[in-house]
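Chains as they are written, first to last, in the numbering used here: chain A, 1 to 394; chain B, 1001 to 1181. One structure below.
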């Protein structure tokens, strides 16, 4: 049903600039200041000023994190959105990759020639712990009476994946080891470290099978991109990075009515993006990937949803080093959410920004070893059902 | 980054720094909500009070929905016939939680599961992927049973609260417990 999107594109769309702030557990700057820092840096990197920007897209996850119930409007001034067509988009954890998707349609439709796309999250406001904020995403009648914690559903999914694919915690922990190590080369990183599988297994057990080091941290931070139409892009840069395909879809929130070992919503979104990009064999045509990794098993789950490996095949390829930065198909060369940090919407946009830097060969020490022509970034969110995918090429 | 890691904007605060800031306001929002259970869930909750687990069947595709909805998500048609399922099913996945909703360490861990319910006559075309099921607590099994994987696929049934304690909530089922064979 989602494999036949009726999409009509007036202009090719390129990414021409990117910016990011530090990701940290808590920051002095206000959400607006963080948004402004990232936006200003993205404009600088594109060689543009706010005057050159036609439209603004803002992404931020639940209002409750910042404690402000109108986050689009609240962030608009810091995001350069005043007196311009400005919109805020939100699909939970999927937001970060939904931001470039929404910015893409603004340009692809011919509505705007240039878009500033900004994602911000400040989770440190919530007391006693941002986990409490997640209490408000559950179904009020069927789920909340059980007193759930968000980690429950990830743990349930991880356990199912382990069972379905016969994967050990040791193997899954390798994702955390890889991503935290990759993040040592990322200047924004909050949770970069050289750790071992034993460190992961010996960290505090939160909800078995999830240990502390299987999970990305709580973070503050912002990221931004500048998108431009083909004409504008060629005018401002010699090395535009093209958005070749976008895809997004929702499954339903009745997550306990479906197989948890495979992310169908990611696959549907990926099919849409690949079709648009003319990709028939993603496992061959994609050079590197930034799959969403708020939990270590999630990267494997999403690699399979993105059809970069067959169902249940990702753990074996991981063990063989296939997904290392020097491997056949590097995944999360940035360090991902596990290593760079997880200011929710900003973390997803960080992944899209990583495609931009890698495809321009500007990723410095993080640059993947093999030549790269095409990458995919993906995020996932809300209550186990939003899938967002973007494919970029140089 | 193009600058290869020149200092990025942003100022990190430690917990101590944070406490020293002016303007930390201790405040508990006094927001209260009354939720309507709606057409399908109301009947489901009444069923629970009577010790029954009710579902609803789509007349077009044959999917059985537990918990029920008043429309089929796939056919976008109103659902029809109500069905009662026994409540027996098998454990799809289960975990042990050591933390509360607010991330505090709990004294006694809880076992949480997704139960795939048996529904005779379920003809959903994708019944390997979709199924009638409930999210609930598991009892009568040990942490060890969860960690070794013994519980996955285990046959379970609801453990009902006594009728006089039921209030028409998912908590009228205390937990799901193993079926003794």
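Here a beta-carbon is modelled for each residue, glycine too, at the ideal position from N, C-alpha and C. Note that this is a predicted model, so its numbers are computed, not measured.
| request: Could you round the C-beta distance between residue 1166 of chain B and residue 1069 of chain B to whole angstroms and report it? I think they count as a contact, below 8 angstroms. | output: Going by Cβ atoms, the distance from residue 1166 of chain B to residue 1069 of chain B rounds to 23 angstroms, so no, they are not a contact pair.
What are the boundary residues of the alpha helix (DSSP H) that residue 405 of chain A is part of? Nothing can be reported for residue 405 of chain A: it is not among the residues displayed for chain A, which extend from 1 to 394.
Which residue from A:123, A:168, A:187 puts its Cα closest to that of residue 217 of chain A? A:123
**Message:** Excluding the 5 residues flanking residue 307 of chain A on each side, which residues of the same chain have their C-beta closer than 7 angstroms to its C-beta?
**Reply:** 267, 270, 282, 283
Practice problem: Using alpha carbons as the reference points, say which of A:12, A:48, A:76, A:340 lies closest to residue 292 of chain A. | Solution: A:340
- prompt: Using a Cβ-Cβ distance under 9 angstroms, would residue 258 of chain A count as near chain B?
  reply: yes
Practice task
From the DSSP output, in three-state form, read off residue 212 of chain A for me.
Solution key: helix
query = Could you give the distance in angstroms between the alpha-carbon of residue 1031 of chain B and the alpha-carbon of residue 18 of chain A?
reply = 39 angstroms
Exercise for review: Output, in chain order, the set of chain B residues within a Cβ distance shorter than 7 angstroms of residue 380 of chain A.
Suggested key: What residue 380 of chain A touches in chain B: nothing, since even the nearest Cβ is about 17 angstroms away.
_Taking 6 angstroms as the limit between beta carbons, can you name the residues of its chain near residue 1055 of chain B, skipping five residues before and five after?_
1064, 1065, 1066, 1068, 1083, 1085, 1132
**Buried or exposed by the 16-neighbour rule on C-beta atoms within 10 Å, applied to residue 1046 of chain B** = exposed
| task | Take residue 199 of chain A and list the residues in its own chain whose beta-carbon comes closer than 7 angstroms to its own, dropping the five residues that flank it on each side. | result | 213
Quick one: what does DSSP say residue 1097 of chain B is sitting in, helix, strand or coil? strand
Among B:1105, B:1096, B:1171, whose alpha-carbon lies nearest the alpha-carbon of residue 1149 of chain B? B:1096
query: If you count every other CB in all the chains shown that lies within 10 Å of the CB of residue 1180 of chain B, and 16 or more means buried, which is it?
result: exposed
Checklist entry - Going by beta carbon distance, what residues of the same chain come within less than 6 angstroms of residue 34 of chain A, once the five residues before and after it are set aside? => result 21, 120, 222
> Going by alpha carbons, who is nearest to residue 1075 of chain B out of B:1081, B:1089, B:1058, B:1088?
Replying inline: B:1058
- Message: Distance cutoff 9 angstroms, beta carbons only. Does residue 1017 of chain B sit that close to anything in chain E?
- Response: Protein chains A and B are contained in the structure displayed, whereas chain E is not.
Exercise for the section: Classify residue 179 of chain A as buried or exposed, calling it buried when 16 or more other Cβ atoms lie within 10 Å of its own Cβ. Expected result: buried
With the cut-off set at 9 angstroms, would you say residue 1157 of chain B and residue 1089 of chain B are in Cβ contact?
yes
Quiz item: residue 163 of chain A touches chain B at which residues, Cβ-Cβ below 8 angstroms?
Solution: 1093, 1149, 1152
Practice item. Grab me the residues of residue 50 of chain A's own chain with a C-beta within less than 7 angstroms of its C-beta, minus the 5 sequence neighbours each way, in chain order. Key: 43, 80
Open item on the list: If I follow the unbroken beta strand (DSSP E) through residue 53 of chain A, where does it start and stop?
Closed with: Premise fails: residue 53 of chain A is in no beta strand (DSSP E) and is neither H nor E.
message: My parser needs the beta strand (DSSP E) runs of 3 or more residues fully inside the stretch 95-144 of chain A; what are they?
response: 114-122
* Taking residue 140 of chain A as the query, report the chain B residues whose CB atoms sit under 8 angstroms from its CB, ordered along the chain. => 1033, 1035
Alpha carbon of residue 1163 of chain B to alpha carbon of residue 69 of chain A, nearest angstrom
42 angstroms
*Residue burial classification, residue 60 of chain A (beta-carbon count within 10 angstroms, cutoff 16)*: buried
Query - Below-9 angstroms beta-carbon distance, residue 301 of chain A vs any chain B residue - result: no
Checklist entry - Of all the residues that make up the stretch 206-235 of chain A, which are near chain B by a beta-carbon distance shorter than 9 angstroms? => result 206, 207, 208, 209, 210, 220, 221, 222
*Which chain B residues sit within Cβ distance under 8 angstroms of residue 152 of chain A?*
1095, 1097, 1112
| query | For residue 1135 of chain B, which three-state DSSP category applies? | reply | strand
Taking buried to mean at least 16 other C-beta atoms within 10 Å of its own C-beta, is residue 27 of chain A buried or exposed? buried
Measure how close the beta-carbons of residue 244 of chain A and residue 393 of chain A come, nearest whole angstrom, since I'm counting them as under 8 angstroms. 5 angstroms
Check your understanding: If you compare alpha carbons, which of A:368, A:89, A:377 is closest to residue 185 of chain A?
Key -> A:368
| request: Report all residues from its chain with a CB closer than 7 angstroms to the CB of residue 98 of chain A; omit the five preceding and five following residues, and keep chain order. | output: 59, 89, 91, 248, 388
**Report entry** Per-residue DSSP class, three states only, for residue 150 of chain A
**Finding:** helix
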